[in-house]
Every structure is written in structure tokens, then in C-alpha cells.
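In terms of numbering that gives the first Met the number 0, the sequence shown has 52 at position 53, counting the first letter as 1, and numbering is strictly consecutive.
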Amino acid sequence: MDFPFHDKYLSILDLIVNEEGTEKLTLEAVAQKAGISKGGLLYHFPTKDALILGVIEQLSHHFVEGFNKRANEDHHSKGKWTRSYIETSYFDESDVNDLYTALSTAHFTNPDMLQQLRLVYSEIQNKIENDEIDPVRATLVRLAIDGLWFAEMFGLAPPSADLKQKVIEELKASILEAK
0 MDFPFHDKYL SILDLIVNEE GTEKLTLEAV AQKAGISKGG LLYHFPTKDA LILGVIEQLS
60 HHFVEGFNKR ANEDHHSKGK WTRSYIETSY FDESDVNDLY TALSTAHFTN PDMLQQLRLV
120 YSEIQNKIEN DEIDPVRATL VRLAIDGLWF AEMFGLAPPS ADLKQKVIEE LKASILEAK
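Structural data, given as C-alpha cells:
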């Protein structure tokens, strides 16, 4: 699944939301920044919700693709899905940042748009819980990673880069120690 024309709109959506706020995200604003007519944008995205949903679908597909690829390439089956969640979350930081921007936009404009993503995360959680390690520990690792992103996304006392790296290393070590 390839979304080449979405990349331009993703960048614009991200720019508007991060610089001007969710309330300034309109089809007119996206079309203007994209240098196209509103009709041209409407051809691909008939509504603002369709634009946001398209971005979420693109980014979640890319995240899941990387998550599955890393786990399948891991030579150690024990904890591979949990390790992959950490690595995918921090290897493709710009994509994950964009995903969180799109998610927060969806949450504040139309929370029902997150239903498909809830299903994707249920599948990820199922893999993490069945990762040949203690499912409680594996889930704690996933939630800690989500918490790091949450702190960064909302500017809620995010740790320094050095501390964040140490936290990630500690989480990876806890996977190796898991039974």
C-alpha cells in the first residue's frame, strides 16, 4: 500500500496543527498551503475527517509494517514483539510524531475516527501479550513507551534525550530479564 500524494498533505496537516492548533485545521487552510484549489483537495479528501483519517491510515499502516518487519527479522523469538514496539516507536520518530499529531487531531475533532486504530492496537497488544515473556512485563514496556510519547506530544515534563535513552535501554534490559 503506497500513499505518495498523502505525504504532502501529511506535512501540511502536521504544520498547521503544530504551529496554529487543531482549530485552524480546515480544508481551505490545507488547500492554500498545498498550493491547490479546494476542489483539488476535495477530489482526494471530501471532508476534513477524510483527510485526517487518510493520514492516520497511512501512518498506522507504515508503523505496523515496520513493527511486523522488525519482529520477523529478530533472531530471538522471546520478546521479539515487545522489542519491535520499542524499536519501531523510536526508529521512525518523525513518523511516530506525525502519527501522534494525527491521533490528537482526530481525538479532538472526531474521536470515532480512532476506531480502526483501536483494532490495530488490539492486534499489537495481542502480539505483545503472547511474546514468550511475562505479559504483564511486556505490557508495562508498551505502556512506558506510550507514556514517553505522551509526555513529548503534550510537553508534560518530557525527559531529556539522555534520560529518555536510558529509560529505553532499561526497558530493553527488562525484556531480556523477563521469564
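Glycine included, C-beta positions come from ideal geometry on N, C-alpha and C.
request  = Return the Cβ separation of residue 174 and residue 123 in integer angstroms, given the expectation that the two are a contact with Cβ distance under 8 Å.
outcome  = Locating residue 174 in the sequence shown gives position 175, where the first residue counts as 1. Locating residue 123 in the sequence shown gives position 124, where the first residue counts as 1. With a Cβ gap of about 15 Å, residue 174 and residue 123 do not count as contacting.
inquiry  = Just to confirm, is the Cβ distance from residue 22 to residue 37 under 8 Å?
reply    = As a first step, residue 22 is located in the sequence shown; it is residue number 23 there, counting from the start. As a first step, residue 37 is located in the sequence shown; it is residue number 38 there, counting from the start. One thing to note: residue 22 has its Cβ no nearer than 8 Å to the Cβ of residue 37.
message = Report the CB separation of residue 102 from residue 113 in whole angstroms; it is logged as a contact under 8 Å.
response = Here the question's residue 102 lines up with position 103 in the sequence shown. Here the question's residue 113 lines up with position 114 in the sequence shown. Indeed they touch by this definition, with Cβ atoms about 7 Å apart.
inquiry  = Tell me which residue opens and which closes the alpha helix (DSSP H) that residue 73 is part of.
reply    = Within the sequence shown, the letter at position 74 stands for residue 73. For residue 73, no alpha helix (DSSP H) run applies, since DSSP gives it neither H nor E.
task = Report yes if the C-beta distance between residue 130 and residue 79 is below 8 Å; otherwise report no.
result = Against the sequence shown, residue 130 aligns to sequence position 131. Against the sequence shown, residue 79 aligns to sequence position 80. Yes, they are a contact pair.
query = Excluding the five sequence neighbours on either side, which residues of its own chain have a C-beta within less than 8 Å of the C-beta of residue 138, listed in chain order?
reply = As a working note, residue 138 is residue 139 in the sequence shown. Cβ neighbours of residue 138 beyond the five flanking positions: 124, 127, 128.
query = Below 8 Å, can you find three or more Cβ-Cβ pairs linking the region 8-19 to the region 53-64?
reply = The region 8-19 makes contact with the region 53-64: 3 or more CB pairs, one atom from each, lie closer than 8 Å.
task = Determine the burial state of residue 159: buried for a count of at least 16 other Cβ atoms within 10 Å of its Cβ, exposed for fewer.
result = Within the sequence shown, numbered from 1, the residue matching residue 159 stands at position 160. By the Cβ neighbour-count rule, residue 159 is exposed, with fewer than 16 other Cβ atoms within 10 Å of its own.
request  = State the Cα-Cα distance for the pair residue 0 and residue 168, rounded to the nearest angstrom.
outcome  = Within the sequence shown, the letter at position 1 stands for residue 0. Within the sequence shown, the letter at position 169 stands for residue 168. Residue placement at residue 0 is flagged as unreliable, the pLDDT there being 45, under the threshold of 50; a coordinate-derived value is accordingly withheld.
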